[in-house]
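The structure appears below as structure tokens.
Number of protein chains: 2
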Amino acid sequence: MELLFQYNWRVRDEWFDWCGEIPYDELIRERVGGVGGILKTLFHIVDVEWSWIRALKGELVLDPEFEDYKSLELVRKLSEQYRLDVKRFLDGWSSDQEHRIVTPPWNPEKSYVHGEVLRHVIAHEIHHIGQLSVWAKEVGRPVVSANFIGRGIL
Amino acid sequence: MELLFQYNWRVRDEWFDWCGEIPYDELIRERVGGVGGILKTLFHIVDVEWSWIRALKGELVLDPEFEDYKSLELVRKLSEQYRLDVKRFLDGWSSDQEHRIVTPPWNPEKSYVHGEVLRHVIAHEIHHIGQLSVWAKEVGRPVVSANFIGRGIL
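If you're matching them up, the sequences are chains F and W in order.
Okay, so the first sequence: first residue is 1 according to the numbering used here, each after it adds one.
Okay, so the second sequence: first residue is 1 according to the numbering used here, each after it adds one.
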């Protein structure tokens with residue numbers, strides 16, 4: 001399962017690089033679908049991944065606001081900072097934790113199992129990156145490859 | 001890993017249902033990004049999943065043309081037909097096959113390992129479904145949920 005996280009992180013970093021080549025107006029422009037913009041999508045991916053991992057760890061889930069991170073550098077730094085935490089969690093994870101129960105603090109009447117949440121987080125990022133790829137075409141720049149193969153991850 | 005295939009199939013079937021509520025013109029309209037259209041995307045997902053599984057099995061890879069499947073019913077039937085084959089393969093798959101080598105017949109100078117290809121197929125579908133979700137907003141209909149959680153898959 002960790003391999004799909006590694007894939008997501010590589011693709012995400014390539015999108016950060018891609019964003020570095022794009023005027024800020026394009027990153028922040030309101031768009032149809034998803035959470036409504038390129039930089040906001042990257043922020044949302046970072047926020048959601050970390051929030052779920054914090055929930056699985058039973059730790060307090062902070063709720064950063066996009067308004068406080070409206071620059072490429074700030075979102076990228078947040079991604080790097082949170083990733084250390086996520087990576088530590090995954091390094092210590094094993095499949096016998098698949099069926100542990102978690103109740104997300106932002107939705108206390110729901111409960112899920114850990115294996116379900118980890119797959120949710122993986123799919124969540126890939127889905128939103130698919131949205132970026134459509135918007136990137138609108139911007140007129142070649143998109144980042146979504147291929148898992150050929151990255152030497154496995 | 002099979003759980004993510006199950007997730008993809010459920011989401012795909014919900015998109016087929018969604019397409020049933022949409023005028024044919026919208027399904028076939030040319031759009032920016034991805035493979036360029038809603039029905040064409042679903043066809044592409046079905047084709048690519050099956051082609052890779054056939055390659056992993058060392059079987060002949062047929063190459064269906066979208067031109068021959070330009071109706072919702074035909075693409076849906078193709079999906080159901082191919083899925084039986086994919087499911088049988090996954091049922092017999094175990095992680096000791098992760099590092100088996102495959103050379104795709106459509107690209108004979110490349111080689112990959114089976115575990116890498118299966119993750120590629122999973123990510124490929126989720127990515128394209130993300131693109132559908134943007135186009136669906138253009139159509140003005142509520143999108144299919146991309147959530148893994150809450151589906152009772154695990």
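Yeah, the Cβ is synthetic: ideal placement off N, Cα and C, and Gly gets one too.
*Can the beta-carbon of H99 (chain W) be found closer than 8 Å to that of I149 (chain F)?*
no
*Along the alpha helix (DSSP H) that carries H99 (chain F), what are the first and last residues, could you check?*
Here H99 (chain F) belongs to no alpha helix (DSSP H), and DSSP marks it neither H nor E.
_What does the alpha-carbon distance come out to for the pair L3 (chain F) and I153 (chain F)?_
7 Å
*In terms of residues, what are the limits of the alpha helix (DSSP H) holding I53 (chain F)?*
38 to 56
_Strictly below 7 Å CB to CB, what residues from chain W border H128 (chain F)?_
G130
*Let me know the secondary structure DSSP gives V113 (chain W) once reduced to three states.*
strand
*Using a Cβ-Cβ cut-off of 8 Å, state whether F43 (chain W) counts as contacting chain F.*
no
_E21 (chain F) (DSSP reduced to helix, strand or coil)_ = coil
_Is A55 (chain W) close to chain F? Criterion is C-beta to C-beta, closer than 8 Å._
It does not: the Cβ of A55 (chain W) has no partner Cβ on chain F nearer than 8 Å.
*What residues in its chain sit with their C-beta under 7 Å from that of V143 (chain F), if we drop five residues either side in the sequence?*
Hits under 7 Å: S133, A136, K137.
_Please tell me whether K137 (chain W) has its Cβ less than 8 Å away from any Cβ of chain F._
yes
_7 Å Cβ shell around I101 (chain W) - same chain, five flanking residues per side excluded_ = S111, V113
*List, in order along the chain, the chain F residues whose C-beta lies closer than 7 Å to that of Y112 (chain W)?*
Within chain F, the residues near Y112 (chain W) are I149.
_Chain-ordered residues of the stretch 22 to 34 of chain F with a beta carbon less than 7 Å from chain W_ = Those residues of the stretch 22 to 34 of chain F that come within reach of chain W (Cβ to Cβ, closer than 7 Å) are V32, G33, G34.
*Taking C-beta pairs closer than 8 Å, name the residues in chain W that D133 (chain F) reaches, listed in chain order.*
As written in the sequence, residue 133 (chain F) is Ser, which differs from the Asp given in the question. In chain order: G33, G34, H127, G130, Q131.
*Got a sec: is the Cβ-Cβ distance from G20 (chain W) to anything in chain F below 8 Å?*
It does not; no Cβ of chain F falls within 8 Å.
_Measuring alpha carbon to alpha carbon, tell me which residue in F:I126, F:S145, F:F16, F:N147 is nearest N8 (chain W)._
F:I126
*Please check if any C-beta of chain W sits within less than 8 Å of the C-beta of E2 (chain F).*
no
*Pull up the CB-CB distance for I122 (chain F) and F16 (chain F), whole angstroms please, since I reckon it's below 8 Å.*
Wrong, their Cβ atoms sit about 19 Å apart, outside the cutoff.
*Taking Cβ-Cβ distances shorter than 9 Å, what residues in chain W pair up with L90 (chain F)?*
Going along chain W, no residue has its Cβ under 9 Å from L90 (chain F), so there is no contact; the nearest lies around 15 Å.
*Is V86 (chain F) helix, strand or coil by DSSP?*
helix
*For chain W, is any of its Cβ atoms less than 8 Å away from the one on I153 (chain F)?*
yes
*Could one say the Cβ of Y7 (chain W) lies closer than 8 Å to chain F's Cβ atoms, at least one of them?*
For Y7 (chain W), the closest Cβ of chain F is nearer than 8 Å.
*V144 (chain W) touches chain F at which residues, Cβ-Cβ below 7 Å?*
Correct list: empty, because the minimum Cβ distance to chain F is about 11 Å.
_Cβ neighbours of P105 (chain F) in the same chain (closer than 7 Å, five flanking residues each side left out)_ = Close CB contacts of P105 (chain F) within its chain, under the 7 Å cut and outside five residues either way in sequence, are with A55, V61 (chain order).
_Between V75 (chain W) and L42 (chain W), how many whole angstroms is the CB-CB distance? I'm expecting something under 8 Å._
5 Å
*Helix, strand or coil for F148 (chain F) per DSSP?*
coil
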